[in-house]
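Student: Residue numbers (the working numbering): 24 to 503.
Where is the CB? At the ideal position from N, CA and C, for every residue including glycine.
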Amino acid sequence: MSLRQKTISGLIWTFSQQFGVQLINFLVSIALARLLMPSEFGLIGMISIFIAIGSSLIDSGLTSSLIRTINPDQRDYSTVFFINLAGSVVIYFILFLAAPLIANFYDQPILESIVRVFTFSFIINAFAGVQSARLTKEMNFKLQMTIQIPSIIVSGIIGVVLAVQGYGVWSLVYMNLSQSFLSTLQLWLRSGWRPSLILDKEKLKHHFKFGYKLTLSGLLDTIYNNAYNLIIGKYFSAAQLGYYTRAQSLKQLPVNNISRALNKVTYPLFASIQNDNLKLRAVYSKIMRQVIFWLAPTMAILFIFALPIFQILFGEKWLPAVPYFQILCFVGVLHPLHSYNLNILKVKGRSDLFLKLEIIKKIYTTIGIACAIPFGIIGLLWWQVISSIVGLIINAWYSGKLINYPLNEQLIDIVPIFSLSIVVGAIIYSFDYFFSSAILLSDIWRIMFFPILYFLFYLGLSYIIKIKSLADFTQLILKK
């Protein structure tokens, strides 16, 4: 199978997996949002930073090193497997002992037991980390899809049943544990790989040399991405944190579907052509334009119709999350650009530069967060937008130099797409304002009719002004 065929096949199966998983998660989240209180989601949000840090430390960037390594053997895989497993046990017991301190920090005694139960998923997930990395390296996303979706469905049913039975926040905890167990069990049984009793010091040294810098970078990024949960949970109420996490999760629905699915394919794809800068630039620019072409209008629609969407899906009790969500839409549209620029640094083996950039970004971000706290949650969210823009400029500047695709050329490629999305958004907003007032359209009709109208305008104008992304999409998907 050619690289192009593998890429298209990978995209199809990854998007199927991503959309399937997100759709199921979305339906489950709607049910749980109606059954549980915002404060109960806020409790899980409070520990998210510790969960994310633990997950980042367990992997140590070693699986990323496996994916970029040319022809890794059983010694590579087995060594990484046992190191990750040992790391998961250590991290679990550290958090087990730290649980009372976490509960005291937030003044929420229930968090002690939640942390101790929830983090057991670290050990469960460590049993299948290498299997998942092998499938990603082989671009076998079909098998990953058939493993993940049944796990999501069964665990979602467990979570909803427990919520109906009155388990409250514990329904979220046990749902997560059951999902980890089911996906790990299937990966172990169906991936076709088993570890050997091997711990090769040279292999460990090789992967650790590359991976530890990614781990430190990922750790900084993880702390930053979850810092808002930490600060909101500490200085504001659990309910307000629940509103924020609900807004964040809804924002991530299109972002994950479009950008994470592509990111899963692009990293092994970029790694396979890492020594061909001309080809790497061409592939990178095409993928970047493509993801922005679909993500920008999606986020514009969600921004415009945020109020009726929350009203219909989650009910009145979640409406305070609407302004949070609208601000986060600006962050979401930039997220894939960060990922693809950083992937260039990784496949080029510049984990040292990756780490340096993360340190720089996190220093100014931390200062900004401290300054934004007096302005409340809205101030924190606007600072998140500003720091995302600055971070993108930094990432694009350095990654662009490695493949001769400078920042100004990247902007030339994507600014027309952003501009078109804004113009069409303004038109649709005007139509919605006029018709909703004139003929009193219901919320359901608004979110059914106007998004379709938006995309008709958007695709039509893209064709008329010859947006390159539309031609790329036609060639990639429709060309025999």
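Please list, in chain order, all residues of the same chain as VAL447 whose beta carbon is under 8 angstroms from its beta carbon, the five residues on each side excluded.
Tutor: Counting only Cβ-Cβ distances below 8 angstroms, and skipping sequence neighbours, we find PRO320, ALA323, TYR477, PHE480, TYR481, LEU484.
Student: With respect to the alpha helix (DSSP H) encompassing ILE399, which residues constitute its N-terminal and C-terminal limits?
Tutor: The question names Ile, but residue 399 is Gly in the sequence shown. Here the alpha helix (DSSP H) through GLY399 covers 399-425.
Student: With 16 other CB atoms within 10 Å as the buried threshold, where does ARG157 fall?
Tutor: When all chains shown are included, ARG157 counts as buried.
Student: Taking the straight line between their C-alpha atoms, what separation do you get for LYS340 and GLY372?
Tutor: Each residue's alpha carbon lies about 48 angstroms from the other.
Student: Under three-state DSSP, which class holds PHE259?
Tutor: Coil at PHE259, not helix or strand.
Student: What is the DSSP secondary structure of GLN349, reduced to helix, strand or coil?
Tutor: In this structure, GLN349 counts as helix in the three-state DSSP scheme.
Student: Please name the residue, chosen from GLN275, GLY265, ILE392, that lies closest to ARG57 on a Cα-to-Cα basis.
Tutor: The residue with the shortest Cα to Cα distance from ARG57 is GLY265.
Student: Where ASN364 and LEU464 are concerned, what is the direct C-alpha to C-alpha distance, given to the nearest angstrom?
Tutor: Cα-Cα distance, rounded: 43 angstroms.
Student: Could you check the C-alpha separation between ILE53 and THR268 for me, to the nearest Å?
Tutor: One C-alpha to the other measures close to 13 angstroms.
Student: Just reading off the alpha helix (DSSP H) that SER155 is part of, what are its end residues?
Tutor: Unbroken alpha helix (DSSP H) run through SER155: 152-160.
Student: Using the C-alpha atoms, what's the distance from ILE450 back to TYR486?
Tutor: Rounded to the nearest angstrom, the two C-alpha atoms are 18 angstroms apart.
Student: How about VAL103 and HIS230: are their beta carbons less than 8 angstroms apart?
Tutor: Cβ atoms of VAL103 and HIS230: closer than 8 angstroms.
Student: Can LEU330 and VAL345 be called in contact, C-beta distance under 8 angstroms?
Tutor: Yes. Within cutoff.
Student: So GLY152 packs on LEU118, CB below 8 angstroms; how close in whole Å?
Tutor: Actually they are not in contact, since the Cβ atoms of GLY152 and LEU118 sit about 18 angstroms apart, beyond 8 angstroms.
Student: Here's a check: name, in chain order, each residue in its chain whose Cβ is nearer than 8 angstroms to the Cβ of ILE133, leaving out the five neighbours to either side.
Tutor: The residues are LEU66, ALA126, VAL192.
Student: Could you have a look at MET311 and say whether DSSP puts it in helix, strand or coil?
Tutor: Three-state result, MET311: helix.
Student: Could you check the C-alpha separation between ILE412 and LEU360 for me, to the nearest Å?
Tutor: Near 10 angstroms, if we compare the C-alpha coordinates of LEU360 and ILE412.
Student: Which residue from ILE401, ILE490, GLN131 puts its Cα closest to that of ILE435?
Tutor: The shortest C-alpha separation from ILE435 is found at ILE490.
Student: Quick one: grab the DSSP three-state call for ASP495.
Tutor: Residue state, collapsed to three classes: helix.
Student: Which residues bound the alpha helix (DSSP H) around TYR428?
Tutor: TYR428 -> no alpha helix (DSSP H), and no H or E assigned at all.
Student: Please work out which residues of its chain come closer than 6 angstroms, Cβ to Cβ, to VAL278, disregarding the five sequence neighbours upstream and downstream, and give them in chain order.
Tutor: The answer, listed in chain order, is GLY355, HIS358.
Student: Just mark LYS503 as buried or exposed, buried being the case when its beta carbon has 16 or more other beta carbons within 10 Å.
Tutor: Below a pLDDT of 50, predicted positions are generally treated as unreliable, and LYS503, at 43, falls in that range; no measurement from the model is reported.
Student: Taking all protein chains shown into account, do 16 or more other C-beta atoms lie within 10 angstroms of the C-beta of LYS228, making it buried, or fewer, making it exposed?
Tutor: So LYS228 counts as exposed.
Student: To the nearest angstrom, how far is it from the Cα of SER260 to the Cα of LYS274?
Tutor: Rounded to whole angstroms, SER260 to LYS274 spans 21 angstroms at the Cα level.
Student: Would DSSP call ARG91 helix, strand or coil?
Tutor: ARG91: helix per DSSP, three-state reduction.
Student: Quick one: Cα of PHE164 to Cα of ILE396, how far?
Tutor: Approximately 42 angstroms between the Cα atoms of the pair.
Student: Might you give, ordered along the chain, the residues of its own chain that have their beta carbon closer than 6 angstroms to the beta carbon of SER174, omitting 5 neighbours on each side?
Tutor: Closer than 6 angstroms at Cβ, skipping near neighbours: GLN202, LEU205, SER206.
Student: Quick one: measure Cβ to Cβ for ASN252 and SER71, integer angstroms, because I've assumed they're closer than 8 angstroms.
Tutor: The pair is a contact, with the Cβ atoms about 5 angstroms apart (cut-off 8 angstroms).
Student: Grouping DSSP H, G and I as helix and E and B as strand, with all else coil, what is LYS503?
Tutor: Unreliable placement is indicated for LYS503, whose pLDDT of 43 sits below 50; the coordinate value is still reported in the next sentence. Note: LYS503 maps to coil in three-state DSSP.
Student: Please report how far the alpha carbon of LYS257 lies from the alpha carbon of ILE401, in whole angstroms.
Tutor: In a straight line, the C-alpha of LYS257 is about 16 angstroms away from that of ILE401.
Student: Please identify the residue among VAL113, ARG213, PHE143, LEU55 whose C-alpha is closest to the C-alpha of VAL183.
Tutor: Closest option to VAL183, Cα to Cα, is LEU55.
Student: What are the complete alpha helix (DSSP H) segments, minimum 4 residues, inside the stretch 171-216?
Tutor: Segments of the alpha helix (DSSP H) lying fully in the stretch 171-216: 192-213.
Student: Between TYR197 and SER492, what straight-line distance do the alpha-carbon atoms span, to the nearest angstrom?
Tutor: Roughly 43 angstroms between the two C-alpha positions.
Student: Between the alpha carbons of GLN313 and VAL370, how many angstroms are there, rounded?
Tutor: Roughly 21 angstroms separates the two Cα atoms.
Student: Quick one: grab the DSSP three-state call for ARG139.
Tutor: Helix at ARG139.
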